[in-house]
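Report on the following structure.
There are 2 protein chains.
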Amino acid sequence: MRVARPLNAALRLIGFTLSLIMVKYYIIRRLINVTIRYPNGKVYRQPSHSKSKPSKFANTNFGDRGMSLEEEINDSNTYYLEHEIAVIHKKPTPIQIVKVDYPNRSAAVIKEAYFKHASTTDYNGVYRGKYLDFEAKETKSKTAFPLKNFHEHQIEHMRQCLHQGGICFVIIRFASLDRLFLLKATDLFTYWDHQQDGGRKSIPLTDIEQQAAELKYHINPLIPYLDAIDNIIDEDSSSH
Amino acid sequence: MRVARPLNAALRLIGFTLSLIMVKYYIIRRLINVTIRYPNGKVYRQPSHSKSKPSKFANTNFGDRGMSLEEEINDSNTYYLEHEIAVIHKKPTPIQIVKVDYPNRSAAVIKEAYFKHASTTDYNGVYRGKYLDFEAKETKSKTAFPLKNFHEHQIEHMRQCLHQGGICFVIIRFASLDRLFLLKATDLFTYWDHQQDGGRKSIPLTDIEQQAAELKYHINPLIPYLDAIDNIIDEDSSSH
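So the sequence lines, in the order shown, correspond to chains C and Z. Counting from 1, one number per residue, gives the positions in the first sequence under our numbering. Counting from 241, one number per residue, gives the positions in the second sequence under our numbering.
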């Protein structure tokens, strides 16, 4: 038995070390900050899946909203789709997949992946024969909408779509005021370009009140934003 | 020291067990089949990212193609985008995220996620003021295109888009013949609906040759599919 002593000692050491690693791993996983962020530090919000469960929000009323702006728009899009008014979907969040396990024939499990920034806007689709393309953003500010909510590639994408005859806009929400606006991309570009030339880095609420269409929450759909698009389409066709 | 004996034994046991688990885990991970499949058993192909590296295929010629149909279409879309002809993107693969780790301020790591089936087609965008929506599929068959390449929800999505005035189609490739066709969604629906009523489960190549537009590989863009769309738009506008 004396010969086995060094082996015993070694095994004891391995046992201790591995146990410590496992316990440490478990504790770290439990204590970890669960806020998820993009590489640039922005907070990631898990995309909602209300789209596949339209009945969930069937009884939504004005005072009973616990949804994010994204969920509210998805809910409205579901209404428009089911009533054959428009086909507008949110694009999936782009993911860079690094490692996938294949434990059995029936399922692949992604074990390592990272969030990527989208090269386009979040929403697009078709309405009255027109291509729609837009982004939805909210702010806590009560006085102005910060332009940092948008990215250069989103602005660039909207310029490209506009050039092809698409209808491009942003839906912006002042969360603290519970006010919602639809601003045409061309109006957004004015402030964006001015900012690049050293101008202010936000759009004053007073300007938005003048230039954008205010959207009032409704029941079906929750955000009737296509009403504002009707006005844009009618303006465009009467000016041609 | 005698008192510590049971503790020693216990620690030795823990050490052994954990070591075995770790080694087994490592071996399994190394030996695992790396083919990735959707829950229905279909093989998953990692989406290409040629979009962000347009120069990669700048010197592509007719005889030097090692690309999948998806890569060829992405490459063509990059050409159309850079030359301000159209804005058409492939949608990201939809992923159901289950677990995300947040090891530090600068990066979120997805540790568990699953592939979801898309509720729409893969490609959409805007061209000449029109909304385009399509799917691209290939077959190894030399005589007919199997309808099982399409899913009910993709067909349903194209019906919805068509109803809103969008232009919907499929690009299909006979890989063994290296022949490529653009078939209007309405023509696809005829075969799809006939199949539902007990008809054949594929579209004969001879029918495709008659009804679809054959696309010939080109240099810039690699697949000039918008030429066929021009014909569809012109037909539509002359028939109205």
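Using N, Cα and C, we set each Cβ at its ideal position, and we do this for glycine too.
With H, G and I counted as helix, E and B as strand and the rest as coil, what does DSSP make of residue i?
i: Z:N471; result: helix
i: C:I28; result: Interpretation of C:I28 is limited by its pLDDT of 48, a score under 50 that renders its predicted location unreliable; no figure is taken from the coordinates.
i: C:H151; result: coil
i: Z:I328; result: strand
i: C:T143; result: coil
i: Z:A415; result: coil
i: Z:I437; result: Per the sequence shown, the amino acid found at residue 437 of chain Z is Asp instead of Ile. Of the three classes helix, strand and coil, the one that applies to Z:D437 here is coil, per DSSP.
i: Z:D341; result: strand
i: C:Y79; result: helix
i: Z:A452; result: coil
i: Z:Y457; result: coil
i: C:Y225; result: coil
i: C:M67; result: coil
i: C:Q160; result: helix
What's the call for residue i, buried or exposed, on a 16-neighbour Cβ count within 10 Å?
i: Z:E392; result: exposed
i: Z:N364; result: buried
i: C:I155; result: buried
i: Z:K441; result: exposed
i: Z:L417; result: exposed
i: C:A9; result: exposed
i: C:T121; result: buried
i: C:V87; result: buried
i: C:P92; result: buried
i: Z:K339; result: exposed
i: C:N104; result: exposed
i: Z:I448; result: buried
i: Z:E311; result: buried
i: C:P148; result: The question names Pro, but residue 148 of chain C in the sequence shown is Lys. Flag for C:K148 reads exposed.
i: C:L13; result: exposed
i: Z:D437; result: exposed
i: C:N77; result: buried
i: C:P221; result: buried
So with Cβ pairs under 8 Å, would you call residue i a contact of chain Z?
i: C:H163; result: yes
i: C:L222; result: no
i: C:G129; result: yes
i: C:E70; result: no
i: C:G166; result: yes
i: C:L81; result: yes
i: C:S50; result: Legend: pLDDT at C:S50 = 36, less than 50; position of this residue unreliable, no value from coordinates given.
Pull up the DSSP beta-bridge partners for residue i, would you.
i: C:G129; result: DSSP lists no partner for C:G129.
i: C:S202; result: C:P146
i: C:Y114; result: C:Q96
i: Z:F409; result: Z:F374 and Z:K424
i: C:N8; result: Bridge partners of C:N8: none, in fact.
i: Z:A347; result: Z:N344
i: Z:Y363; result: Z:K330 and Z:F374
Shorter than 8 Å from the beta carbon of residue i to some beta carbon of chain C?
i: Z:I472; result: no
i: Z:V410; result: no
i: Z:N364; result: yes
i: Z:R252; result: yes
i: Z:T360; result: yes
i: Z:Q450; result: no
i: Z:N248; result: yes
i: Z:Q400; result: yes
i: Z:R270; result: Because the pLDDT at Z:R270 is just 41, under 50, the model does not fix this residue reliably, and the value given afterwards should be weighed accordingly. Not closer than 8 Å to any Cβ of chain C, the Cβ of Z:R270 fails to qualify, so no.
Answer yes or no: the CB of residue i versus the heavy atoms of the ligand SAM, is any distance below 7 Å?
i: C:N220; result: Absence of the ligand SAM is noted for the structure shown, with no ligands found whatsoever.
Practice prompt. Return the residues of the segment 342–357 of chain Z that lie within a Cβ-Cβ distance of less than 7 Å from chain C, sorted by chain order.
Written response: Y342, R345, S346, A347, A348, V349, I350, K351, E352, A353, Y354 and F355
Worksheet entry | Against chain C: residues of the segment 323–335 of chain Z by CB proximity under 9 Å | E324, I325, A326, V327, H329, K331, P332, T333, P334 and I335
Worksheet item: In chain order, what residues of the segment 184–204 of chain C put their CB closer than 8 Å to some CB of chain Z?
Response: none
Fill in: Members of the segment 136–161 of chain C that neighbour chain Z once the beta carbon cut-off is set at 8 Å
H157, Q160 and C161
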